[in-house]
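**Student:** Can you read through this structure? Questions will come right after.
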Amino acid sequence: MASSSSLASFLLLLLLLLTCNPANAGLTSAALCLHSDTPALCLRISAHLSAATPVKLTESAIRAALFVAERARVKAASLSRSPKLNAQQRANLGTCVSSYGDVVDGLADAARLLGTARTRADVMNYLSAASFGVTACEDAFRETPRESFPLARVNRTLRKYVSNALAIGDQLSLQW
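Quick note, the sequence shown lines up with residues -25 to -1, 1 to 151 if you use mature numbering (1 follows the signal peptide of the UniProt record, and there is no 0).
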């Protein structure tokens, strides 16, 4: 049963690939995206690539995650300035602004190292740190009973993008 499910997933990915990717990126994108946490997102990110190598796809995934992280930080900062917040809510949102800033920094460092360091471990360290920043924001609200998490949707989206970059980056060779 698991093998037919895997086959169905692969065929779905191949169909998505053929409808949204340039011909040259073809099977490489499908093969790389198959190992992603969110294959459909991975295929969307790879759609503009003329040739999807692990390095190019990782770079695109990091850029996409960086865009989402910057928007999340701006959203958290905007919410934190609301006069309707109590002190605890303001503090929790301040944690989110800070942790989303850490996500942005981690992703930017990963992108920089991807172009210069040439070692998978360096890139993965920064991607892992970015992943931790996503969790820190949500944890601030979990630790405060009866406080709703106003960034739940933003955080879920950011988690998907960062996780996707991490999964794709994990496919880099040890040195490329």
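Backbone N, C-alpha and C define an ideal beta-carbon position, used for all residues, glycine too.
Here the structure is a predicted model, which means the values were calculated and not measured.
So Leu32 packs on Ser21, CB below 8 Å; how close in whole Å?
**Tutor:** The sequence position of residue 32 within the sequence shown is 57, counting from 1. The sequence position of residue 21 within the sequence shown is 46, counting from 1. Yes, they are in contact, since the Cβ atoms of Leu32 and Ser21 sit about 6 Å apart, within 8 Å.
**Student:** Cα separation between Pro125 and Asp84?
**Tutor:** As a position in the sequence shown, residue 125 is number 150, starting the count at 1. As a position in the sequence shown, residue 84 is number 109, starting the count at 1. When rounded, the distance between both Cα atoms is 28 Å.
**Student:** Using three-state DSSP, classify Ala5 as helix, strand or coil.
**Tutor:** If you number the sequence shown from 1, residue 5 lands on position 30. In the structure shown, Ala5 sits in a helix (DSSP, three-state: H, G or I).
**Student:** So is Leu42 buried or exposed if we call it buried at 16+ other beta carbons inside 10 Å?
**Tutor:** Stepping through the sequence shown from its first residue, residue 42 is reached at position 67. According to the sequence provided, residue 42 is Phe. The question's Leu does not apply to it. By the neighbour-count rule (16 or more Cβ atoms within 10 Å), Phe42 is not buried but exposed.
**Student:** Give the secondary structure of Ser103 by DSSP, where H, G and I count as helix, E and B as strand, and everything else as coil.
**Tutor:** Sequence index remark: in the sequence shown, residue 103 carries index 128 (1-based). Note: Ser103 maps to helix in three-state DSSP.
**Student:** Where Ala(-3) and Arg38 are concerned, what is the direct C-alpha to C-alpha distance, given to the nearest angstrom?
**Tutor:** To locate residue -3, count along the sequence shown from 1; it is residue 23. To locate residue 38, count along the sequence shown from 1; it is residue 63. Confidence at Ala(-3) is low in this model, with a pLDDT of 48, below 50, so the placement of that residue is unreliable and no value is reported for it.
**Student:** What are the start and end residues of the alpha helix (DSSP H) that includes Arg56?
**Tutor:** As a first step, residue 56 is located in the sequence shown; it is residue number 81 there, counting from the start. It is not in any alpha helix (DSSP H) - Arg56 carries neither H nor E in the DSSP assignment.
**Student:** At the level of alpha carbons, what is the spacing between Phe107 and Val78?
**Tutor:** As a working mapping, residue 107 is identified with position 132 in the sequence shown. As a working mapping, residue 78 is identified with position 103 in the sequence shown. Cα to Cα, the separation comes out at about 8 Å.
**Student:** Can at least three beta-carbon pairs, one atom from the region 46 to 53 and one from the region 135 to 143, be found at a separation below 8 Å?
**Tutor:** Touching, no.
**Student:** On the criterion of 16 or more Cβ atoms from any shown chain inside 10 Å, does Ser(-17) qualify as buried, or is it exposed?
**Tutor:** For the purposes of this step, residue -17 is taken as residue 9 along the sequence shown, with counting starting at 1. By the 10 Å Cβ count, Ser(-17) comes out exposed.
**Student:** Where do the N-terminal and C-terminal ends of the alpha helix (DSSP H) with residue 239 fall, by residue?
**Tutor:** There is simply no residue 239 to check, as the chain begins at -25 and stops at 151 in what is shown.
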